[in-house]
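Trainee: Pasting a structure below so you can have a look.
Protein chains: 2
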Amino acid sequence: MGSLTEAPATGASPAEDAGNRRGDILRAAGKLFREKGYKATTIRDIAAAVNMRSGSPFYHFKTKHDMLLAVAIDGIAAIHDAVVAAAQAEPEPRSRFRAMIHAHLDALLNPEGRDFAAVVIRECGFLDPEAWAQVQTHKDSYEVLWSRTLDELAAAGILKGDMHITRLLLLGAMNWSTHWYHPGGSRSPEDIARQLCALVLSDEKARYKK
Amino acid sequence: MGSLTEAPATGASPAEDAGNRRGDILRAAGKLFREKGYKATTIRDIAAAVNMRSGSPFYHFKTKHDMLLAVAIDGIAAIHDAVVAAAQAEPEPRSRFRAMIHAHLDALLNPEGRDFAAVVIRECGFLDPEAWAQVQTHKDSYEVLWSRTLDELAAAGILKGDMHITRLLLLGAMNWSTHWYHPGGSRSPEDIARQLCALVLSDEKARYKK
DNA sequence: CCTACCGATCGGTAGG
DNA sequence: CCTACCGATCGGTAGG
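Residue numbers (my numbering), protein chains in the order written: chain C, 2 to 211; chain A, 2 to 211.
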């Protein structure tokens, strides 16, 4: 998984990086989709953002819808990869949970990738059923990561109750941060991650740490 | 506060309820805005939903934008009123917190009002600056309710850390439920509220309750 | 990748 | 509240 607009998704020569216009378009589209929404973003907006004329983006993407799909797929891939990497480094459930929250928020809020991530989260409703199913498959496999760790935490008595609802609430708390987080503000993604952990882990261990 | 489309916002005769078309339009607009988004919803969609021709909604609202504003204002008013009522009945911070979570989720997810509530939460970005400021004023006064109770919980040692971030995370967890909650599903708004409380309140009291 | 353009749709209006 | 319609915009295409 993971491509984030490096190269032709089709089998063209990957060596030729000379001005990756497809990637430029995707990044511009991601930014505009996040800022104004998919419907309110115009092909002309996107073209202007990469110094093209209005018809030219269609040389790289068949439709505007295809751009949304490409942004969404790259978006989940980025989140998925970041969280998998963070999770694999931590065998102990509680630390793994912390690392995953950290990684998810970072993927969601850091300057690179935040456009893609926000689009997955907020604009997927505009995909047609087939494309949506494709994205949903990726989302499902991502959520399994969370379910596994949450179930372990429940088994250890660290969390209680319905882990299905808990997962949705946790991801919601994080995903919603795309609505209020401002890059330059006084709270960093790390601050947010720490506070979320403090909120849901009673964490005797940390309190009584030697 | 609170009107939820009963009657003319202007000073017309409130007695004459004979076919409240303005309210019909607002409810239809709210539903469509939530389902398809503001931009993707057409005046013609709204008109069709209330059996009018495409030009007629403009007899009741000057612009589509004004419909969004009206829906948004009614939306926050409904949430605000519900949470105030719930909070006033509970002097003890912990029970008040539970009641507020319950009330917020119920306002957000119950069949009446969920369209309005979801629109406040998701579509306000399409308001122009002046209208947005108007809505923001209402939102601010709503968030004060939460800040007060969260600060009390922090003072009592029940919650820890940055209550500003905590408030945003909590409201995020709840507001996000508009994306995944399905009215007929196996989890009720009450289930969600209970689970959220269990997640963030360690709640010795309940565990050891006689 | 640009020029030139089409067909459809959309918010909104006039006039009743 | 309807009929009829306008001006603008938009996604997309042809032809180079």
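The beta carbon of each residue, even a glycine, is placed where N, CA and C say it ideally should be.
Count the C-beta pairs between the segment 72-87 of chain A and the segment 126-142 of chain A that are closer than 8 Å, then say yes if the count reaches three, no if not.
Mentor: A contact exists between the segment 72-87 of chain A and the segment 126-142 of chain A.
Trainee: For the segment 114-124 of chain A against the segment 165-182 of chain A, do three or more pairs of beta-carbon atoms, one drawn from each stretch, fall closer than 8 Å, so that the two count as touching?
Mentor: As far as the Cβ criterion goes, the segment 114-124 of chain A touches the segment 165-182 of chain A, which means the pair count is three or higher.
Trainee: Please state whether DSSP places residue 121 of chain A in a helix, a strand or coil.
Mentor: Residue 121 of chain A: helix per DSSP, three-state reduction.
Trainee: Considering only residues of the same chain and omitting the five flanking positions on each side of residue 165 of chain A, which have a CB-CB separation below 7 Å?
Mentor: No residues qualify anywhere along the chain.
Trainee: Does residue 115 of chain A come within less than 8 Å of chain C when only Cβ atoms are used?
Mentor: Judged by the 8 Å Cβ criterion, residue 115 of chain A is not in contact with chain C.
Trainee: Given residue 66 of chain A, which residues of its chain have a CB within under 8 Å of its CB, disregarding the five upstream and five downstream residues?
Mentor: Here the set comprises 127, 128, 129, 132.
Trainee: Starting from the C-beta of residue 32 of chain A, find all residues in its chain whose C-beta is less than 7 Å away, skip the five residues before and the five after it, and write them out in chain order.
Mentor: Once the five neighbours on either side are set aside, the close Cβ partners of residue 32 of chain A are 116.
Trainee: Examine chain A for any beta-carbon lying closer than 8 Å to the beta-carbon of residue 137 of chain C, and answer yes or no.
Mentor: So no, residue 137 of chain C is outside the interface.
Trainee: Which of the three DSSP states is assigned to residue 24 of chain C in this structure?
Mentor: In this structure, residue 24 of chain C counts as helix in the three-state DSSP scheme.
Trainee: I'd like to know if residue 147 of chain C contacts chain A, where contact means its C-beta is closer than 8 Å to some C-beta of that chain.
Mentor: For residue 147 of chain C, the answer is no, since every Cβ of chain A falls outside 8 Å of its Cβ.
Trainee: Following the continuous alpha helix (DSSP H) through residue 148 of chain C, name the residue where it begins and the one where it ends.
Mentor: 130-156 is the span of the alpha helix (DSSP H), which, as asked, contains residue 148 of chain C.
Trainee: What does a CB cutoff of less than 7 Å around residue 199 of chain A pick up in its chain, not counting 5 residues either side in sequence?
Mentor: Excluding residues within five positions, none has a Cβ falling inside 7 Å.
Trainee: In angstroms with no decimal places, state the Cα-to-Cα distance between residue 11 of chain A and residue 28 of chain A.
Mentor: Unreliable placement is indicated for residue 11 of chain A, whose pLDDT of 40 sits below 50; no coordinate value is reported for it.
Trainee: By how many angstroms is the C-alpha of residue 38 of chain A removed from the C-alpha of residue 3 of chain A?
Mentor: Here residue 3 of chain A scores only 48 on pLDDT, less than 50, and its place in the model should not be relied on; the value that follows carries that caveat. Roughly 23 Å between the two C-alpha positions.
Trainee: So, with DSSP's three-state summary, where would you put residue 101 of chain C?
Mentor: Residue 101 of chain C falls in the helix class under three-state DSSP.
Trainee: Where residue 57 of chain A and residue 26 of chain A are concerned, what is the direct C-alpha to C-alpha distance, given to the nearest angstrom?
Mentor: Looking at the two C-alpha atoms, the distance is approximately 10 Å.
Trainee: For residue 148 of chain C, does the count of other Cβ atoms within 10 angstroms reach 16, so buried, or fall short, so exposed?
Mentor: Answer is exposed; the Cβ neighbour count stays below 16.
Trainee: Along the chain, where does the alpha helix (DSSP H) that runs through residue 173 of chain A open and close?
Mentor: It spans 164-176 - the alpha helix (DSSP H) in which residue 173 of chain A sits, taken as one unbroken run.
Trainee: Anyone know if the C-beta pair for residue 106 of chain A and residue 190 of chain A falls short of 8 Å?
Mentor: Cβ distance < 8 Å, so residue 106 of chain A and residue 190 of chain A count as in contact.
Trainee: Show which residues of chain A have a CB atom less than 7 Å away from the CB atom of residue 201 of chain C.
Mentor: Residues of chain A passing the Cβ test: 200, 201.
Trainee: Between which two residues does the alpha helix (DSSP H) holding residue 76 of chain C run?
Mentor: Element bounds for residue 76 of chain C: 65-89.
Trainee: Given a limit of 9 Å on CB to CB distance, which residues of the segment 169-182 of chain C reach chain A?
Mentor: Per Cβ criterion, the list reads 169, 170, 171, 172, 173, 174, 175, 176, 177, 178, 180, 181, 182.
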